[in-house]
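A short write-up of the structure that comes next.
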Amino acid sequence: MRFCLENSVDNALINTVNARGLTALMLACEENKLHIVELLLPHAGLDINLASVVDGRGSPKSALSIAVEQGCHAVVEKLLQRPEIDVNAGTPLVESLLYEQLNIYQLLLRDPRTDINGVDEFGDTALVWVAQLGDTQLIEQLLAFPLIDPNRGVPLIQAAMRGELNTIRLLLAHERTDINCRDMCGSTALLEAARYGHLDVVTELLSTSHIDIGVVNAHGETELGVAPPEIRQQLEMLLQERARSQSR
Numbered sequence: 157m158r159f160c161l162e163n164s165v166d167n168a169l170i171n172t173v174n175a176r177g178l179t180a181l182m183l184a185c186e187e188n189k190l191h192i193v194e195l196l197l198p199h200a201g202l203d204i205n206l207a208s209v210v211d212g213r214g215s216p217k218s219a220l221s222i223a224v225e226q227g228c229h230a231v232v233e234k235l236l237q238r239p240e241i242d243v244n245a246g247t248p249l250v251e252s253l254l255y256e257q258l259n260i261y262q263l264l265l266r267d268p269r270t271d272i273n274g275v276d277e278f279g280d281t282a283l284v285w286v287a288q289l290g291d292t293q294l295i296e297q298l299l300a301f302p303l304i305d306p307n308r309g310v311p312l313i314q315a316a317m318r319g320e321l322n323t324i325r326l327l328l329a330h331e332r333t334d335i336n337c338r339d340m341c342g343s344t345a346l347l348e349a350a351r352y353g354h355l356d357v358v359t360e361l362l363s364t365s366h367i368d369i370g371v372v373n374a375h376g377e378t379e380l381g382v383a384p385p386e387i388r389q390q391l392e393m394l395l396q397e398r399a400r401s402q403s404r
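In this note's numbering, the protein residues as written are 157 to 404.
Quick look at the structure:
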């Protein structure tokens with residue numbers, strides 16, 4: 157390998173993919189071969205950001221995405237040292253949460269080039285993922301970033317669906333959180349909390365000053381309409397009490 161690289165490997169060859177769709181750099185990242193990564197990176201013709209579909213499935217992956225997925229901390233650290241690396245292609249920050257690589261997640265989060273509001277192919281941000289995980293420390297850490305968008309990907313709705321009360325409280329405490337934000341189906345956090353029977357979350361949401369009640373989503377559903385039968389009466393009482401307090 158060293159001989160080949162030191163004797164001017166053709167630029168096209170250095171970026172050639174094998175039958176699986178992997179370049180030499182991608183393969184070294186997949187196998188956590190730091191010494192090979194270190195040999196490849198200085199090559200003038202190397203496309204460090206080249207992305208390719210691996211094994212014929214999924215979205216194209218870059219060397220960084222592969223290293224994140226495999227949990228190769230030292231390799232990720234080495235890749236991030238390169239000024240030309242695209243730290244946001246393929247949303248490695250979100251991928252690090254998907255694959256539960258929290259040490260790598262912290263590494264990416266500290267990189268000033270990382271877009272903390274970047275969305276994956278499903279429209280999810282890092283904040284959406286930590287909201288789903290219910291990890292309050294990670295949520296607090298993200299919400300402390302001045303550029304964080306607390307509404308992108310509707311993390312409040314995701315937390316409401318899962319009954320993550322502490323997450324709901326942290327998100328509501330952020331000055332830019334829109335309590336009435338809607339997802340692609342027109343649903344709100346209140347409607348989804350009702351749908352999944354999370355009365356503690358419903359109560360928390362109704363305690364805020366700007367909550368909208370009686371919202372109808374794209375399917376014509378309301379809070380009462382989607383609520384499980386066993387909580388419907390209690391939910392109706394909570395909604396009526398909130399409506400009375402708004403009219404005073």
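Glycine included, every Cβ here is placed at the ideal spot set by N, Cα and C.
Remember, it's a predicted structure, so these values are computed and weren't measured experimentally.
What is the DSSP secondary structure of residue i, counted as helix, strand or coil?
i              : result
glycine 381    : helix
tyrosine 352   : coil
leucine 258    : helix
glutamate 427  : In the structure displayed, the chain extends from 157 to 404; residue 427 sits before or after that span and is not available.
arginine 388   : helix
glutamate 331  : coil
glutamine 396  : helix
methionine 157 : With a pLDDT of only 49 at methionine 157, under 50, the local geometry of the prediction cannot be trusted, and the value read off the model is given with reservation. Here methionine 157 sits in coil by DSSP.
proline 239    : coil
histidine 229  : helix
glutamate 187  : coil
valine 371     : coil
methionine 340 : coil
glutamate 162  : In this prediction, glutamate 162 has a pLDDT of 47, which is less than 50 and means its spatial position is unreliable; what the coordinates show is noted afterwards. Three-state DSSP puts glutamate 162 in a helix.
valine 224     : helix
leucine 202    : coil
Look up residue i in the DSSP assignment and give the residues it is bridged to.
i          : result
lysine 217 : Ser208
Would you please state the rounded distance, in angstroms, between the beta carbons of residue i and residue j? I believe it to be under 8 Å.
i              : j              : result
valine 357     : isoleucine 324 : 6 Å
arginine 308   : threonine 281  : 5 Å
isoleucine 304 : leucine 298    : 6 Å
glutamine 226  : asparagine 273 : With a Cβ gap of about 25 Å, glutamine 226 and asparagine 273 do not count as contacting.
alanine 287    : alanine 315    : 4 Å
histidine 354  : glycine 319    : 4 Å
glutamate 379  : leucine 361    : Not really, about 10 Å apart at Cβ, beyond 8 Å.
Checking contacts by CB at 9 Å: is residue i closer than that to chain B?
i           : result
leucine 196 : Protein chains in the displayed structure number just one, and chain B is not present.
Evaluate contact between the segment 186–197 and the segment 221–233, counting only Cβ atoms and requiring at least three cross-stretch pairs below 8 Å.
yes
With a cut-off of 8 Å, do at least 3 Cβ pairs link the segment 339–358 to the segment 367–381?
yes
Please determine if the segment 247–256 and the segment 205–225 are in contact, where contact requires at least 3 C-beta pairs separated by less than 8 Å.
yes
Runs of alpha helix (DSSP H) wholly within the segment 265–328 (minimum 4 residues, chain order):
282–289, 292–299, 311–318
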